[in-house]
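First the structure, in the form of structure tokens, and then the observations on it.
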Amino acid sequence: MLAVVLAAVLSYLSYAFRAAHGGAARHQGRALVETAAKAAILPGALGVVVGAFNGLWCGVAAGVLGYLLRLGVVAEYRTGARSAVTGHRTGRPAVAFGPRVVDTVGIVALSLSLVVLPVLPVLSVVAALDGRSWTSVLMCDVDTGAGPQRARLVELDRQAAGVVGWDVPAHEVVSGTNCSVDPDDVLRDPWWRR
């Protein structure tokens, strides 16, 4: 989620900055289709990068969200909400559908930039340190040489006969068979209780 929001905000801010510093004036005489096509280049590239690291749907979400935010900047200048020469707001009231969409896109971009983007890293750190497993916790039969016994494993990999997992009490990697899901995914106390 952090990568998607970061890519979308980066795409929006870079385009808005360039438009405010002369980019909108240069594109003023061009066709809307050409401007919209050029606006898709960076969000598409960022979508590919995010998709390579986080999966197809994250990449698609990053590219589409970044492109829609960029189209909001294009619409701001096309509807006259911003001056192509100075980049400042013109002060026209948003009564028609187009300016209202532009204002909505601006609010979405601002909330992503100022609210969601700073909160996501904090939530990620809390999720990393709260003592819960990020993958399945299983109860399996484990044989470490002393005969089979039930053990609580954090699943690392699936194999034909069972799973390879981290034996929580023994602190070692083991192979387990006859596994069942353990509904409790808590592995240790959260760091703030230590």
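Going by the working numbering, the sequence shown opens with residue 3, and the numbers climb by one from there.
Ideal Cβ placement from N, Cα and C applies to all residues, glycine included.
Quantities reported herein were computed from a predicted structural model and do not represent experimental measurements.
Its Cα nearest to that of Gly-178, the residue Glu-157 stands out among Val-35, Pro-192, Trp-194, Glu-157. In the three-state DSSP reduction, Thr-81 falls in the coil class, being neither helix nor strand.
If you check the CB distance, Asp-187 and Val-176 do not come in under 7 Å. The beta-carbon separation of Ala-42 and Tyr-69, rounded to 5 Å, stays under the 8 Å limit for a contact. Contact between the segment 72 to 80 and the segment 15 to 25 is established, with three or more Cβ pairs separated by less than 8 Å. Pairing Gly-61 with Thr-137, the inter-Cα distance amounts to about 22 Å.
Cβ neighbours of Arg-152 within its own chain (closer than 8 Å, five residues either side excluded): Met-141, Cys-142, Asp-143, Val-144. Per DSSP, Gly-178 lies in no alpha helix (DSSP H) segment; the continuous beta strand (DSSP E) that holds it begins and ends at 174 to 183. Under the three-state reduction of DSSP, Gly-74 is assigned to helix.
Out of Gly-164, Pro-192, Ile-109, Trp-59, the CA that lies nearest to the CA of Ser-182 is found in Gly-164. Secondary structure note for Arg-160: it is in no alpha helix (DSSP H), and the uninterrupted beta strand (DSSP E) holding it is 150 to 161.
Counting the other CB atoms within 10 Å of its CB gives Ala-129 a total below 16, which places it among the exposed residues.
In the DSSP assignment, Arg-195 is bridged to no other residue.
Counting C-beta atoms within 10 angstroms of its own C-beta, Ala-54 has fewer than 16 neighbours from the protein chains shown and is therefore classed as exposed. Distance from the CA of Met-3 to the CA of Arg-154, rounded to the nearest whole angstrom, comes to 30 Å.
Trp-59 carries a helical assignment under DSSP once its states are collapsed to helix, strand and coil.
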